[in-house]
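Report on the following structure.
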Amino acid sequence: MSGRDHGRLTPPLVYHLLSTCPQREPLPTLSRALSSYTSLDLSLLPTYLSRVCYLAGHVLWQQNDPLDGLYVVEKGILQVSNKTYIHPPHIEESMVSGTVAGKFLALSNMQRNVTVVVERDVVLWKLSQEANAGREAHLCEAAR
Numbered sequence: 001m002s003g004r005d006h007g008r009l010t011p012p013l014v015y016h017l018l019s020t021c022p023q024r025e026p027l028p029t030l031s032r033a034l035s036s037y038t039s040l041d042l043s044l045l046p047t048y049l050s051r052v053c054y055l056a057g058h059v060l061w062q063q064n065d066p067l068d069g070l071y072v073v074e075k076g077i078l079q080v081s082n083k084t085y086i087h088p089p090h091i092e093e094s095m096v097s098g099t100v101a102g103k104f105l106a107l108s109n110m111q112r113n114v115t116v117v118v119e120r121d122v123v124l125w126k127l128s129q130e131a132n133a134g135r136e137a138h139l140c141e142a143a144r
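For the sequence shown, counting from 1, position 24 maps to 24 in UniProt numbering; every step adds exactly one.
Pasting the structure below:
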């Protein structure tokens, strides 16, 4: 018999894997990324995040681009490059799973100060500027 279903109703493998997984993304990745802030309740944060995927070679942002939000790396690798004429002349680093990309600039609302390129295909969770403003408004209303 071939691997075809022949009319039987069987759940897709993807559904099965998701239903047996104790925690669905992005909560495990957020927990790793924000583990130093142990008192944070992360349960509502996923509602403000968008899942985005990029192939190797994609430029996520370039130095001096306007800020569009921050990203949490679920899987893959981002390469960060700072090519300035200030000492040291060139800095490169990699961001891996559980890293928050763009967090300091998101807090300061400044332009991007580095270039970020996808080194290995990535899955990211993005908190856009608009979504963050909505999150902050929701928190303010809840505090009243």
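Built from N, CA and C at the ideal position, the CB exists for glycine as well. Small disclaimer: the values here were computed from a predicted structure and weren't measured.
Cα-Cα separation, residue i to residue j
| i | j | result |
| --- | --- | --- |
| D65 | S31 | 29 angstroms |
| Y37 | V117 | 28 angstroms |
| V80 | G69 | 16 angstroms |
| E136 | A56 | 33 angstroms |
| Q111 | I91 | 18 angstroms |
| L67 | N109 | 7 angstroms |
| H138 | D41 | 15 angstroms |
Residue i burial status per 10 Å Cβ neighbour count (16 or more: buried)
| i | result |
| --- | --- |
| V59 | exposed |
| V96 | exposed |
| G102 | buried |
| A142 | exposed |
Residue i, DSSP secondary structure in three states
| i | result |
| --- | --- |
| L139 | helix |
| N82 | strand |
| L42 | coil |
| G76 | strand |
| V56 | Residue identity differs from the one stated: residue 56 is Ala in this sequence, not Val. Coil, per DSSP. |
| L49 | coil |
Nearest residue (CA-CA) to residue i, options the options
| i | options | result |
| --- | --- | --- |
| V72 | A142, P26 and A137 | P26 |
| residue 148 | P28, G134 and N82 | Past the boundaries of the shown model lies residue 148; the chain is included only from 1 to 144, so the question cannot be answered. |
| A131 | A33, T29 and L44 | L44 |
For the region 49-56 and the region 125-144, state whether three or more C-beta atom pairs, one from each stretch, are separated by less than 8 angstroms.
yes
Evaluate the contact criterion for the region 62-77 versus the region 113-122: three or more CB pairs, one atom per stretch, below 8 angstroms.
yes
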